[in-house]
Structure formats: structure tokens, C-alpha cells
Amino acid sequence: MSSTPTTTGRSLAARAGAIVAAFGLAGTLGVAIASPAEAACRSGGYSVTAYRSYAWTNTAHCRYYGRSWARHGRYYASTPWTSKSSSAYARHYTGATPRYAGYALTR
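Laid out in C-alpha cells, this is it:
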């Protein structure tokens, strides 16, 4: 006959306290996600196909900056940091390599 340990109310409370403390620490360290309003005011994306590479950012009406870059074959485009919007577009022959695109957002 095997015995299974039971969970007491105290251990549940201790676990709940640890979870709350962990979330509090994450917020203190700046790890937590920004408020929904702040998160909604900034965006970015990228797309890479056999025909072209494209990346964009939008940080209008926020205290964030964005930049984007794209490479398709021998063509490369990038933007400086901006507080409004950016887009980078590169196109060479179909199937050219290397091809990539990306963006960055920061405060």
C-alpha cells in the first residue's frame, strides 16, 4: 500500500504567496508587459517572400521608437530610429538570397 502526500492549506497559501511575490518581482525588474494602452500604441511586423523583403514599425502617439531593416539578395534597406513610423523594402531577383527582414521597438 502506497501513501500519497496530501496538500495542506498552509502549503497552498505558501505557493500562492510565492506566485504573488514572483509577479511582484517581475514588475519591479521591468519584466512585466506594459499596460494595454501602451502596448496598443506600438506595433511592427515583417514579411519575407521569394520576391521581396519588407519590415515596418508604427510608434505614433507613444513614447517609443522603432526601426526596421530588410535584405533581399544584394539589396539592403534600413531606417534610423524614429518616433513615428518606419518601413524598409528590398527587392532583387525572384529567389535571391540571403533574404530577411526585421524590426525593433524600444523606449
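Add 5 to a position in the sequence shown, counting from 1, and you land on the number used in this note's numbering.
Think of the CB as a built atom: it goes at the ideal place given N, C-alpha and C, for glycine as much as any other residue.
Being a predicted model, the structure only gives us computed values, none of them experimental.
Q: Would you grab the beta carbon distance between Ser40 and Thr62 for me? Rounded to a whole angstrom, and I think it's under 8 Å.
A: Looking up residue 40 in the sequence shown gives position 35. Looking up residue 62 in the sequence shown gives position 57. Not confirmed; about 19 Å, so no contact.
(Q) If you reduce the DSSP assignment to three classes, tell me which class Ala45 lands in. (A) What you label residue 45 is simply residue 40 of the sequence shown in a count that begins at 1. Helix at Ala45.
**Q.** Bridge partner(s) assigned by DSSP for Ser73
**A.** Against the sequence shown, residue 73 aligns to sequence position 68. In the DSSP output, where bridge partners are listed per residue, Ser73 has Tyr108.
Q | Burial state of Thr102, where buried means 16 or more other Cβ atoms lie within 10 Å | A | Numbered from 1 along the sequence shown, position 97 holds the residue referred to as residue 102. Exposed, by the Cβ-count rule.
Q. Per DSSP, which one or two residues make a beta bridge with Tyr80?
A. Taking the first residue of the sequence shown as position 1, residue 80 is located at position 75. In the DSSP assignment, Tyr80 is bridged to His77.
Q | Tyr80 to Arg57 span [Cα, whole Å] | A | For the purposes of this step, residue 80 is taken as residue 75 along the sequence shown, with counting starting at 1. For the purposes of this step, residue 57 is taken as residue 52 along the sequence shown, with counting starting at 1. If I take the Cα positions, the gap works out to 10 Å.
Q) Terminal residues of the continuous beta strand (DSSP E) containing Ala60? A) One-based indexing of the sequence shown puts residue 60 at position 55. It spans Ser58 to Asn63 - the beta strand (DSSP E) in which Ala60 sits, taken as one unbroken run.
**Q.** Simplified DSSP state of Ala95, which is helix, strand or coil
**A.** In the sequence shown, residue 95 corresponds to position 90, counting from 1. The answer is strand: DSSP assigns Ala95 an E or B state.
Q: Find out if the Cβ-Cβ distance for the pair Tyr108, Tyr51 is shorter than 8 Å.
A: Residue mapping note: residue 108 aligns to position 103 of the sequence shown, counting from 1. Residue mapping note: residue 51 aligns to position 46 of the sequence shown, counting from 1. Result yes, Cβ atoms of Tyr108 and Tyr51 sit closer than 8 Å.
Q.
Beta-carbon within less than 6 Å of Gly100's beta-carbon, same chain only, minus the 5 sequence neighbours each way: which residues are those?
A. In the sequence shown, residue 100 corresponds to position 95, counting from 1. Excluding residues up to 5 positions away in sequence, Ala55 lie with their Cβ nearer than 6 Å to the Cβ of Gly100 in the same chain.
Q. To which residues of the same chain is Gly78 closer than 6 Å at the C-beta, ignoring the five residues directly before and after it?
A. Stepping through the sequence shown from its first residue, residue 78 is reached at position 73. Answer for Gly78: His97 and Ala101, listed in chain order.
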